[in-house]
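Just remember that our numbering sits 2 ahead of the position in the sequence shown, which is counted from 1. From the three backbone atoms N, C-alpha and C, an ideal C-beta is built for every residue, glycine too. Reviewing the structure listed below.
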Amino acid sequence: MMASSPEQHGIPFPSIFPLKVMGANQDDFDGLVVAIIEKHASIVAQAGVTRRLSRGGRFVSLTVRILAESQKLNSGVELPGIKAASEALKRSLFR
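Set out below in structure tokens:
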């Protein structure tokens, strides 16, 4: 089987890739999300993090732009501990 090239996936690497994260509008949400993502990827400083509140203000949507260096990072395959981090985030949001 032939190895796939980045062009076969439609995304050239390295590339700036937006991650969307949604959760409860709590004081520590933004910092927790950024801390988890920074453990696994480089956040693009110029674009950084954008924040948008839901109509009622109960929820927040963050767009975090990272420098994706491979398809594996995008698919989460090489994110050690991402499941544990995700569970920690859920616990903090719905306490």
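Neighbour-count burial assignment, residue i, 16 or more Cβ in a 10 Å radius
| i | result |
| --- | --- |
| Arg53 | exposed |
| Glu40 | exposed |
| Ile38 | buried |
| Ser17 | exposed |
| Asp29 | exposed |
Cβ shell of residue i (< 6 Å), same chain only, five flanking positions each side left out
| i | result |
| --- | --- |
| Val35 | Val23, Leu64 |
| Ala49 | Arg67 |
Beta carbon of residue i nearer than 8 Å to that of residue j
| i | j | result |
| --- | --- | --- |
| Val46 | Ile68 | yes |
Contact set for residue i: own chain, Cβ-Cβ below 8 Å, skip 5 residues either direction
| i | result |
| --- | --- |
| Leu15 | Per the sequence shown, residue 15 should be read as Phe rather than Leu. Here the set comprises Pro8, Ala70, Glu71, Ser72, Gln73. |
| Ser44 | Ile68, Leu69 |
| Ser56 | Asn27, Val62, Ser63 |
| Phe19 | Ile13, Arg67, Ile68, Leu69, Ala70, Asn76 |
| Gly33 | none |
In DSSP terms, what residue i is bridged to
| i | result |
| --- | --- |
| Val62 | Gly25, Leu55 |
| Ile68 | Phe19, Ile45 |
Contact set for residue i: own chain, Cβ-Cβ below 7 Å, skip 5 residues either direction
| i | result |
| --- | --- |
| Gly59 | Asn27 |
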